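Enquirer:
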Amino acid sequence: MSAVLKPKSKLIVCDGNEAAAWAVAAARVEMVAVYPITPQSSLVEYLAKFVADGRLAAELVDAEGEHSVLSVLQGACLAGARTYTASCGPGVAFMFEPYVRTPGLRLPIVMGIVTRDLLTPQSVWGGQQDAMSVREAGWIQVYCESVQEVLDTTIMAYKIAEHRDVMLPVNVCHDGNYLSFGAARVELPDQAEVDAFLGEKDVNWHVALDPRRPMAVDPLTGGAVGSGPATFVRYRKGECSAMQNALSVITEVHEEWGRRFGRTHAPLVERYRMQDADYALVTIGSMTGAAKDAVDAARERGEKVGLLKVKTYRPFPVQAVAAALAQVKAAGVVDRSVSFGWNCGPLFQDVIGALYHAPRRVAAMSFIGGLAGADITTGHFDEAIRRVAELAQGAAAGGTVWLNEKD
Amino acid sequence: MGAFETISFRPENCNGCNDCMIACAQAKAQSDDAARSRIQVLSSDGSYELAMCRQCGDPECVHNCPAAALSKDAESGVIDWDASKCVDCLLCTVGCSYGGMVYDVDAGHVAKCDLCDGDPACVKACPRGALKFLTTARIYNEVGNLEDLFVPGLAGCQGCNTELIIRHAMRRIGPEAVVATPPGCIPGMGTVGYNGLTGTKVPVFHPLLTNTASMLTGVRRYYKRIGRNVKVVALAGDGGTADVGFQSLSGAAERGEEMLFICVDNEGYMNTGMQRSGCTPYGAWTSTTPVGERGRGKTQDAKNLPLLMVMHHCAYVATASTGFMEDLYDKLDRAIEASEHGFAYLHVYSPCTTGWRFPSDQNIEVSRKAVRTNFVLLWEFDPQSGLRLTHAAEDPLPLAEYVMALGKYRHLSEEQIAHIEGTIAQNVKFVKGLAAGVPLAAAPA
Amino acid sequence: MDQTHYLIVGASHAALSAVHAIRLHDAERDITVVTRDQSLPYSPTVLPYVVSGRSAPERVFLRNEDYFTRLNVKYRRGAAVRKVRPATASVQLDDGEEIGFSKLLLASGAAPALPPIPGLAGVRFHVLRTLNDAIALHSVLPKTKRALVLGGGLIGMHAAENLAKGGAQVTVVEIQPHVLSGYFDADASGIIEKVFATNGVRLLTSSQVTTLAGSGEGCRAMLSDGAELDADLLLVAAGVAPVTDFLDESGIEIDRGVLVDDWMHTSAENVWAAGDVAQARGFFEADKIINGILPDAVGQGRIAGMAMAGDAGAKPYAGGVPLNTYAFFGQQAMSVGVQESALDSSGVEVYRQVDAEAARYLKIVLQDSRLAGIFGINWAFDPGVMRELILRRIDLDAVKQPFLDAPQKIARVLMSRNWR
Ligand SMILES: Cc1cc2nc3c(=O)[nH]c(=O)nc-3n(C[C@H](O)[C@H](O)[C@H](O)COP(=O)(O)OP(=O)(O)OC[C@H]3O[C@@H](n4cnc5c(N)ncnc54)[C@H](O)[C@@H]3O)c2cc1C
Ligand code: SF4
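Chains as they are written, first to last, in this note's numbering: chain A, 208 to 614; chain B, 8 to 452; chain C, -4 to 415.
1) Report buried or exposed for R301 of chain B, applying the criterion of at least 16 other Cβ atoms within 10 angstroms of its Cβ.
2) Considering just the uninterrupted stretch of the beta strand (DSSP E) at N319 of chain C, what are its terminal residues?
3) Does the distance from the CB of W258 of chain C to the CB of A222 of chain C come in under 7 Å?
4) Are the CB atoms of A273 of chain C and I150 of chain C within a distance shorter than 7 Å?
5) If you draw a straight line from the alpha carbon of V268 of chain A to that of T326 of chain B, how long is it in whole angstroms?
6) Please look up how many angstroms separate the CB atoms of R229 of chain C and V118 of chain C, rounded, as I've assumed it's under 8 Å.
7) Measuring alpha carbon to alpha carbon, tell me which of A:T490, A:G577, A:L218, A:V456 ends up nearest A390 of chain A.
8) Sorted by chain position, which residues of the same chain lie with C-beta nearer than 7 Å to L562 of chain A's C-beta, five sequence neighbours on each side aside?
9) Can you say whether H413 of chain A is buried or exposed, counting buried as having 16 or more other CB atoms within 10 angstroms of its CB?
10) Tell me where the beta strand (DSSP E) around I372 of chain C begins and ends.
11) Alpha carbon to alpha carbon, how far is Y356 of chain C from A307 of chain C? Give it in angstroms, no decimals.
12) Between the alpha carbons of N453 of chain B and V355 of chain B, how many angstroms are there, rounded?
13) Can A90 of chain B be considered in contact with ligand 2, in the sense that its beta carbon sits closer than 6 Å to one or more heavy atoms?
14) Sort A:Y350, A:G509, A:Q526, A:A579 by Cα distance to G560 of chain A and report the nearest one.
15) Could you say if the segment 270 to 281 of chain B and the segment 231 to 240 of chain B meet the contact criterion of at least three C-beta pairs nearer than 8 Å?
16) Given a cut-off of 7 Å on the beta-carbon distance, is the pair I187 of chain C and A351 of chain C in contact?
17) Please return the same chain residues whose Cβ sits closer than 6 Å to the Cβ of Y178 of chain C, not counting the five positions on each side in sequence.
18) Would you check whether ligand 2 has a heavy atom nearer than 6 Å to the C-beta of A129 of chain C?
19) For V94 of chain B, verify whether its CB is less than 6 Å away from any heavy atom of ligand 2.
20) Considering only residues of the same chain and omitting the five flanking positions on each side of T458 of chain A, which have a CB-CB separation below 7 Å?
21) Under the criterion of a Cβ to heavy atom distance below 6 Å, does D271 of chain C qualify as lining ligand 1?
22) Check whether the Cβ of R232 of chain B lies closer than 7 Å to any Cβ atom in chain A.
23) Could you tell me which chain C residues have their CB closer than 7 Å to the CB of T100 of chain B, listed as they occur along the chain?
24) Classify G23 of chain B as helix, strand or coil using the three-state DSSP reduction.
25) Under the three-state reduction of DSSP, which class applies to A452 of chain B: helix, strand or coil?
26) Express the C-alpha separation of L395 of chain A and V231 of chain A in angstroms, rounding to a whole number.
27) Note down the Cα distance separating F16 of chain B from L138 of chain B, rounded to an integer number of angstroms.
28) Near A604 of chain A, what residues of its chain come up, given a Cβ to Cβ distance below 8 Å and the 5 sequence neighbours on each side ignored?
29) Around the C-beta of Q396 of chain C, are 16 or more other C-beta atoms found within 10 angstroms, so that it is buried, or is it exposed?
30) Whose CA, out of B:E261, B:D26, B:T361, lies closest to the CA of S294 of chain B?
31) Excluding the 5 residues preceding and the 5 following P190 of chain B in the sequence, name in chain order all residues of the same chain whose CB lies nearer than 6 Å to its CB.
32) For a contact defined as C-beta to C-beta under 8 Å, what are the partners of H213 of chain B on chain A?
33) Pop quiz: V540 of chain A and F555 of chain A are said to be a contact at Cβ under 8 Å. What is the actual Cβ separation, rounded to whole angstroms?
34) Indicate, with yes or no, if ligand 1 has a heavy atom lying under 6 Å from the CB of T40 of chain C.
35) For a quick check, are the C-beta atoms of V196 of chain C and A142 of chain C less than 7 Å apart?
So this is what it looks like as structure tokens:
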């Protein structure tokens, strides 16, 4: 990230939850529906305060639960509103029913997930199990590394979601506890610049609940006869190709952001010290900061280790991941959540799936850490780097390594 | 051509006292001679028959008049007789096959009922409720000219009144509306359309069973924000209202969201095969409360959803029945109006011919019996005036008249009937208590 | 050539009833109504009252311009049809103009029939069928001292009464032994005649005018009994005949009137006829009859209109039932159905109550316990209800005595039970 201060931008110190709220204001969101849940609550409070202070000119609905939160936004979006909400953990689980429906309706809703581990055991702390559990529902998911990236990405998310080649909802994920409450210096972009960047909102040209354009939104579709099967397939394939379109749209939007605001974020994946790397760590979210420190230290020691951060998780940037890892002998994928059926991390699953497209076999192993608020320290990453180095030298991969197992 | 107000006659209530005829003769001929009355009640073999002007829609007397002395008033529907044009030819009496156009010897010309300018003396004079002045025509006239906002040929079960409810409601509400019909009979009969086609002429959404009130919140709030008055309407079944839909309903009601939520209560999950819901009454057979060796139907009472909505302090709450359309319409009007500034909830009972097991031509009759036995209480509520019964709960018909009309109660034991009677008695007491109580708005904090 | 979907010749009861029925079913297609009259539609029945001055001519119109505009009907006055050509689906007007049609209704009614009395052509006389006839009569009334009416039928009697009320000394000459013999029997007519006599109208029954000659402004009539009568006003009301002259070369089947089936359809394709011009099935007789009364013109017009518009609700004609209501000098006579003399005698029962002094009369004719006719003078019953009893062939066996005792009440009860 290279920061060139633009003349009319403003510097503040805030945490990731507040940064998201600033982004919502900057994106001129018109309808916000919220329901508080740890560790997202302060985000909701910032939104409410911004509305009360007149900084955010949005209609705020304090709904009676997350299920309704997303339902309110669906209604508003169908009526033509730009919309926002955020949730996490059990809240995401509760809204699953309207959640899975949003992409099919092709509604460009933006929702922050302040990632939190899922029950049970009962827990209120960070972890990415919530977002990962809904990774196949058809939402775009991007994961942020820093407070600034939360702010910038939340704004960019509207441009991505509302792009006519995409028209899909976007989850901007930032890690509970770490990014939600960790304060940092951030730059607030100039409003006029944001307006110019986002342009006119474009949310319900394709589907609307508007007496001036009466239509049946989501009639019964499918069945075994008539036009049903073909119609249903058409909708599903449409979603899939929009997902694929999103890869290039996300890239373009990030590039434009860099041009306009002088601050660039890697759109799909970030290669860190990968040039001559023999092996690499693969990370996602805020853990990346500590991982980079560990990589830097290892490089000091002369180890040829690099790092690949995945920002865009859905759609999964298969080509970008495969290309970046094609040059290394081994990769260690660090997850903050679990894929129970595979007894590994979900990101690991995706990475090895992508490596199928690599010209040669790359050894890979799964690390799981940071569950339920646990720290993944540079010490943990040192350990991971050591294990991946062994792997690169031909050691057997072994099973998943649970980084906090002995903490 | 519209419909018009009219006098109806219930011979079973008549005892031949002739008060109506005397009142008419006095009002119209300044005479006490019943023979000069324009309404003639005839006693014959212990029953009573009626001869009077029917204010026909396509009146033959008018066609027959050579002097243009007769005309049908387009507003009132009354067939007016113009004395200054009449030539006493009596040809109108040939046209009338109802004995409604009669030569009055003393007056020297024909005489006919003119409905006393909409306040008939005979009706007022009838001490036994045998004559009634029906003003339901207003409904037909007002609604008949409004656009039907559903396509023809919705595929409801034969005899179901849901179509009646939703078509009439939407005509009244008009096209500046967004409709949500959560899963159930209403979308099931085709309102939301199939495979790219629609069943409705207004924007319609097929929301989740769970989130109707919430998504309508979003629609309404956004339009309000941009200065457009778009009505938002839920046409929901009792499951999507009282059971799984209750949370979002309750939330929206509590927040005072501006919408009209119409619950078409058929007392169960009828669309999915007649399973029990929270609105299924005690003792009722459903496919999940079957009757067998040990099962005797549902073992719990229905939850009283409309009363729960009263406790949400909604802008308007009412129960209604298609057995009493005038009442339903009044409530619909008030509910629409209330939905402009708050949450309006209308609970309409919908006997299910298929799931309740009764002949498909009996729907309205069953609706009526439900009310006349107090099984269903008709009332309305708003915070300013409190709760008001709109159909007297006194002198109900015996409960058996209702439950025995329905297959779903055919197995009931005496104890079960007694239980239902107890529940009804409690309900009546409770609702009457509310009706007698202080309006919520006036209650001390 | 003007083209119209529905073309209707005539603008009186049959025509108006047809227009109404068409528009109930078909709001769209062109309707053109042509009448040889110069005015808005009116009824011939009201004309006696125009003669007497009771009805102002400008207040008798059955429809106004607005009605035709609203119903999108082209109303053409002063347009007499001269020829009808079913083969080319067109008609020709008196001025030579042609109008093409898809469906044509003949509702040209009837016109006075002139008796072959020597000298008639040479004297000034009146008839009463059009508004102009009535206005002309009304205007000569003040100067009229002695009026002579030829014919004691309904039109003649109506006219006679109203001429008398207008101040004239009126004599009616009727060839039959009684007036109104088409509707009433001798007893009933006798009562009516008495009332006329009491009111100063002279009725010469079983009498005939043999020749007529002019005399000053008026005329002199020679009667069959040799008597002579001077009158300053002569009204010829000796029957009417359907107006069919314009159909001469049309090929449409005509007996006395235009022959029609039970849908009022004529022998020509797309041509219907209704009202006084039509000859249709009688309810009581096998032959087709001309039931020249207003209610039948209305009923036939409706059937024709519905048939022309393709209205599936149309019901076939039940057959003409003679009927009339007759108000005279404040009394009422009503006749519904047929006299016993018109029926073959099997199963016929006749009940009568006559009180000539009080001018009260009732006769009920039953056949096979069903009502065939009911006739009354100053006797209250509902003719419309009685007609329905006849048409529905309601069996009165179970209520015969009560019906005979109180026909109005029992008929109403039957109405309430059978077709309410
Ligand atoms: C004085 C009088 C009293 C009567 N009283 C009674 C009574 O008490 N009760 C009763 O039932 N009936 C009575 N009638 C008879 C009754 O009026 C007729 O039965 C009725 O009017 C028939 O209606 P219609 O439409 O068939 O024809 P009409 O009323 O005769 O109308 C015929 C129409 O056709 C038009 N027309 C004719 N020829 C042409 C042409 N070639 N081109 C264009 N237009 C043409 C005429 O202008 C007129 O508009 C009476 C009739 C008269 C004259
Ligand atoms: S009696 Fe009077 S109202 Fe009746 S038809 Fe004759 S003119 Fe018309």
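Even glycine gets a Cβ: it sits at the ideal position worked out from N, Cα and C. Predicted model only: the values in this text are computed from it and were never measured.
Expert: Reading off the structure:
1) Position 294 of the second sequence, counting from 1, holds the residue named residue 301 of chain B. Looking at its Cβ environment, which holds fewer than 16 other Cβ atoms inside 10 Å, R301 of chain B is exposed.
2) If you number the third sequence from 1, residue 319 of chain C lands on position 324. First-last of the beta strand (DSSP E) with N319 of chain C: 318 to 323.
3) Residue 258 of chain C sits at position 263 when you count from the first residue of the third sequence. Residue 222 of chain C sits at position 227 when you count from the first residue of the third sequence. Result no, Cβ atoms of W258 of chain C and A222 of chain C do not sit closer than 7 Å.
4) Taking the third sequence and counting its residues from 1, the one referred to as residue 150 of chain C is at position 155. Taking the third sequence and counting its residues from 1, the one referred to as residue 273 of chain C is at position 278. In this structure, A273 of chain C does not lie closer than 7 Å to I150 of chain C by Cβ.
5) As a working note, residue 268 of chain A is residue 61 in the first sequence. As a working note, residue 326 of chain B is residue 319 in the second sequence. C-alpha separation (whole angstroms): 29 Å.
6) Translated into the one-based positions of the third sequence, residue 229 of chain C becomes position 234. Translated into the one-based positions of the third sequence, residue 118 of chain C becomes position 123. Contrary to the premise, residue 229 of chain C reads as Leu rather than Arg in this sequence. That pair is a contact at about 6 Å.
7) Within the first sequence, the letter at position 183 stands for residue 390 of chain A. It is A:L218 whose Cα lies nearest to the Cα of A390 of chain A.
8) By 1-based counting over the first sequence, the position of residue 562 of chain A is 355. So the qualifying residues of the chain are A529, L532, V569, A571.
9) The residue labelled residue 413 of chain A in the question sits at position 206 within the first sequence. That one is exposed.
10) Within the third sequence, the letter at position 377 stands for residue 372 of chain C. Residues 365 to 372.
11) Here residue 307 of chain C is taken as the residue at index 312 of the third sequence, counted from 1. Here residue 356 of chain C is taken as the residue at index 361 of the third sequence, counted from 1. The alpha-carbon atoms of A307 of chain C and Y356 of chain C are separated by roughly 43 Å.
12) The structure shown does not extend to residue 453 of chain B, since chain B spans only 8 to 452, so no value can be given for it.
13) To locate residue 90 of chain B, count along the second sequence from 1; it is residue 83. Result no, Cβ not under 6 Å from ligand 2.
14) To locate residue 560 of chain A, count along the first sequence from 1; it is residue 353. Looking at the Cα atoms, A:Q526 is the closest of the given residues.
15) no
16) If you number the third sequence from 1, residue 187 of chain C lands on position 192. If you number the third sequence from 1, residue 351 of chain C lands on position 356. Not in contact: I187 of chain C and A351 of chain C (Cβ atoms no closer than 7 Å).
17) Translated into positions along the third sequence, residue 178 of chain C becomes position 183. Counting only Cβ-Cβ distances below 6 Å, and skipping sequence neighbours, we find N319, S330.
18) Working through the third sequence from its first residue, we reach residue 129 of chain C at position 134. Because no heavy atom of ligand 2 lies under 6 Å away, the Cβ of A129 of chain C does not count as near it: no.
19) What you label residue 94 of chain B is simply residue 87 of the second sequence in a count that begins at 1. V94 of chain B Cβ: within cutoff of ligand 2.
20) By 1-based counting over the first sequence, the position of residue 458 of chain A is 251. Excluding residues within five positions, the ones whose Cβ falls inside 7 Å are P474, L475.
21) Position 276 of the third sequence, counted from the start, is the residue given in the question as residue 271 of chain C. Yes, since a heavy atom of ligand 1 falls inside the 6 Å radius drawn around the Cβ of D271 of chain C.
22) Looking up residue 232 of chain B in the second sequence gives position 225. Yes, its Cβ sits closer than 7 Å to a Cβ of chain A.
23) Taking the second sequence and counting its residues from 1, one reaches residue 100 of chain B at position 93. T320, D377, P378, G379, listed in chain order.
24) Counting from 1 along the second sequence, the entry for residue 23 of chain B is found at position 16. G23 of chain B falls in the coil class under three-state DSSP.
25) As a position in the second sequence, residue 452 of chain B is number 445, starting the count at 1. Summary for A452 of chain B: the model assigns pLDDT 46, below 50, so the residue's position carries little reliability, and this model does not support an answer.
26) Locating residue 231 of chain A in the first sequence gives position 24, where the first residue counts as 1. Locating residue 395 of chain A in the first sequence gives position 188, where the first residue counts as 1. Roughly 12 Å separates the two Cα atoms.
27) Position 9 of the second sequence holds residue 16 of chain B. Position 131 of the second sequence holds residue 138 of chain B. In a straight line, the C-alpha of F16 of chain B is about 5 Å away from that of L138 of chain B.
28) As a first step, residue 604 of chain A is located in the first sequence; it is residue number 397 there, counting from the start. So the qualifying residues of the chain are A570, A571, M572, L598.
29) Counting from one through the third sequence, the residue named residue 396 of chain C turns up at place 401. By the neighbour-count rule (16 or more Cβ atoms within 10 Å), Q396 of chain C is not buried but exposed.
30) Numbered from its first residue, the second sequence carries residue 294 of chain B at position 287. Closest option to S294 of chain B, Cα to Cα, is B:T361.
31) Within the second sequence, residue 190 of chain B is the residue found at index 183, counting from 1. Cβ within range, chain order: L216.
32) Numbered from 1 along the second sequence, position 206 holds the residue referred to as residue 213 of chain B. In chain order: A423, V424, D425, P426, L427.
33) Taking the first residue of the first sequence as 1, we reach residue 540 of chain A at position 333. Taking the first residue of the first sequence as 1, we reach residue 555 of chain A at position 348. Yes, V540 of chain A and F555 of chain A are in contact; Cβ-Cβ is about 4 Å, under 8 Å.
34) Reading the third sequence from its first residue, position 45 is the one you call residue 40 of chain C. Yes, Cβ of T40 of chain C sits closer than 6 Å to a heavy atom of ligand 1.
35) Working through the third sequence from its first residue, we reach residue 196 of chain C at position 201. Working through the third sequence from its first residue, we reach residue 142 of chain C at position 147. No, these two residues do not count as a Cβ contact at 7 Å.
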